[in-house]
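Novice:
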Amino acid sequence: MKPWLHLPDDQLIVQTQKGHSEAYGELMRRYQTIVFNIAFRLTGERDEAADLSQEAFLRAYRALASFDLTRPFGPWIKRIVTNLALNKIQQRQPTYSLEQERLNDRGESETLDLPDVSGEPEQLYLMVEKQTLIKQALLELPGHYRIVIELRHYQELSYEEIAEVLIIPLSDVKSNLFRARRLLRKWLEEKI
Amino acid sequence: MNHLSTELLNLYLDDALESAEKVGVEGHLKTCPVCQQELAAIQAVFVTLSEWQLETPPYDISRVVMAQLEPIPVISNRWLSLAILTAQIMVCGLLGFWVVPWLVNLFIDNSPNIDFSGAGQLFSRLIDWFAGLPGIIPAPGNLNLPLTNLGFNPLLWLLIAGGLGIVWLVGNRLLLAGLTQSNPNSQEVSR
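In order, the protein sequences belong to chains D and C. Note that the working numbering numbers the first sequence so that position 46 is 46, with each residue one more than the last. Note that the working numbering numbers the second sequence so that position 123 is 1123, with each residue one more than the last.
#1: Would you mind listing the alpha helix (DSSP H) stretches within the region 47 to 92 of chain D that are 4+ residues and don't spill past its ends, in chain order?
#2: DSSP on C:Glu1070, reduced to helix/strand/coil?
#3: Does the Cβ of D:Ala88 have 16 or more other Cβ atoms within 10 Å, making it buried, or fewer, making it exposed?
#4: So the candidates are C:Leu1085, C:Gly1171, C:Ile1084, C:Arg1063; which of them puts its Cα closest to the Cα of D:Tyr31?
#5: To the nearest angstrom, how far is the alpha carbon of D:Leu27 from that of D:Ala60?
#6: How is C:Tyr1059 classed by DSSP in three states: helix, strand or coil?
#7: Can you tell me whether D:Lys18 is helix, strand or coil according to DSSP?
#8: Can you check whether the CB of C:Gln1068 is closer than 8 angstroms to the CB of D:Leu157?
#9: Out of C:Pro1033, C:Ala1041, C:Gln1053, which has the shortest C-alpha to C-alpha gap to D:Phe40?
#10: Assuming the contact rule is C-beta atoms closer than 8 angstroms, D:Arg152 and D:Ile167 should be a hit. Round their C-beta distance to whole Å, please.
#11: Are the beta-carbon atoms of C:Asn1010 and D:Arg181 separated by less than 8 angstroms?
#12: Would you mind sorting C:Met1066 into buried or exposed? The rule is 16 or more other CB atoms within 10 Å of its CB.
#13: Please decide whether C:Glu1018 counts as near chain D, where near means a Cβ-Cβ distance under 8 angstroms.
#14: Per DSSP, what kind of secondary structure is C:Ser1019 in: helix, strand or coil?
#15: At 9 angstroms on the CB atoms, spell out the chain D contacts of C:Trp1052, in chain order.
#16: Check this for me: beta carbons of C:Leu1013 and C:Gln1043, under 8 angstroms apart or not?
#17: Determine the burial state of D:Ser66: buried for a count of at least 16 other Cβ atoms within 10 Å of its Cβ, exposed for fewer.
#18: Pull out every residue of the region 2 to 28 of chain D whose Cβ sits closer than 9 angstroms to any Cβ of chain C, in chain order.
Structure representation (structure tokens):
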């Protein structure tokens, strides 16, 4: 059995700093799904999200030699991928239609990670519908609203922390979040 | 009856209100069905967002990244390390240049049966050349340095010099180990 599996994150970082890159592999395995989902929620593109996740892990690795071990790894890597995705979405318009087209081409069940509801086609259908709806709703939002939703609802940051990450005033965080939720509500009420 | 603003209800749900405001909002909500309904509508958005199910990445990202990793430099200041290494090499060179002729002369004096004449002449010339250089400490062969007048056995000095050399070599090995750690997984995986 590999010795890294049961080590806590900070010990994995210490082992990585000593040159055991396999320890970093274990660290990535622990966080890759979360990191990928952050990038996916923000960009709406699976391939782009995977590329951003790779980039985030590489950047984190290069900075690991000077990593402060008193701080947790999870929020740090989430922040890195959030910033990368934020840069990406600021460079372009929402691309939901393209992604949706691709989803439809592939078949939705192929791209959605769903629980086992075999034998319950109606339940599966509703679940797929709901997931598609959430994704669509998020991707309909302008980038600066989507990012506050991501940070507040999925990364569970406080208003102050969001302001710090986005380098915007606290009042902007509150108003952006409020407007983003209002848009989401309106959109969801129309669709459901 | 004045109703609570949607913005205030958002702050309430985010637990971002002062305790006095929070008590006020809760008191109002108990008696106002309109605001209760508005709160429920906002909460429905929260619930919908929380129903996001984690997607599996399209491939094992960790394996792809592992193939691209380069070794982390253990000594963060690489240039400082190289400077120390260079200084060590220079000191070792000077020490050798200074001590070796003295040792050769020592062997010539103590081993009359062995012909050192060729090496002796070579080092005598080196000692003369070295002593003639301006601003450089003369070699021990031409001076009565404290080193030669301390009364220690020459063999002891030889052992000290050898010990110092080993210390230098071990130090260098450790230093270089920090600079050139290999990554055992770099060739292991590919996308």
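Where a beta carbon is used, it is the ideal one built from N, C-alpha and C, also for glycine. In this text the structure is predicted, and so the values were computed from the model without any measurement.
Specialist: With the structure as the only source:
#1: 73 to 90
#2: Taking the second sequence and counting its residues from 1, one reaches residue 1070 of chain C at position 70. In this structure, C:Glu1070 counts as coil in the three-state DSSP scheme.
#3: Position 88 of the first sequence, counted from the start, is the residue given in the question as residue 88 of chain D. The amino acid at residue 88 of chain D is misidentified as Ala; the sequence shows Lys. So D:Lys88 counts as buried.
#4: Within the first sequence, residue 31 of chain D is the residue found at index 31, counting from 1. The shortest Cα separation from D:Tyr31 among C:Leu1085, C:Gly1171, C:Ile1084, C:Arg1063 belongs to C:Arg1063.
#5: Residue mapping note: residue 27 of chain D aligns to position 27 of the first sequence, counting from 1. Residue mapping note: residue 60 of chain D aligns to position 60 of the first sequence, counting from 1. Using only the alpha carbons, I get a separation of about 11 angstroms.
#6: Here the question's residue 1059 of chain C lines up with position 59 in the second sequence. It is coil, neither helix nor strand.
#7: Residue numbering aside, residue 18 of chain D sits at position 18 when the first sequence is read from its first letter. In the structure shown, D:Lys18 sits in coil (DSSP, three-state: anything other than H, G, I, E or B).
#8: Looking up residue 157 of chain D in the first sequence gives position 157. Looking up residue 1068 of chain C in the second sequence gives position 68. Contact flag unset, no.
#9: Indexing the first sequence from 1 puts residue 40 of chain D at position 40. Nearest C-alpha to D:Phe40: C:Gln1053.
#10: In the first sequence, the residue the question calls residue 152 of chain D occupies position 152. In the first sequence, the residue the question calls residue 167 of chain D occupies position 167. 16 angstroms between Cβ atoms; not a contact.
#11: As a first step, residue 1010 of chain C must be located in the second sequence, where it is residue number 10. As a first step, residue 181 of chain D must be located in the first sequence, where it is residue number 181. Yes. Within cutoff.
#12: Within the second sequence, the letter at position 66 stands for residue 1066 of chain C. By the neighbour-count rule (16 or more Cβ atoms within 10 Å), C:Met1066 is buried.
#13: Translated into the one-based positions of the second sequence, residue 1018 of chain C becomes position 18. Judged by the 8 angstroms Cβ criterion, C:Glu1018 is not in contact with chain D.
#14: By one-based count along the second sequence, residue 1019 of chain C stands at place 19. Helix, per DSSP.
#15: Residue mapping note: residue 1052 of chain C aligns to position 52 of the second sequence, counting from 1. The contacting residues are Asn37, Arg41, Gln131, Ile134, Lys135, Leu138, His153, Tyr154.
#16: For the purposes of this step, residue 1013 of chain C is identified with residue 13 of the second sequence, where counting begins at 1. For the purposes of this step, residue 1043 of chain C is identified with residue 43 of the second sequence, where counting begins at 1. Yes; because the gap between Cβ atoms is below 8 angstroms, this pair is in contact.
#17: Here the question's residue 66 of chain D lines up with position 66 in the first sequence. It counts as exposed.
#18: Flagged, chain order: Thr16, Gln17, Lys18, Gly19, His20, Ser21, Glu22, Tyr24, Gly25, Glu26, Leu27, Met28.
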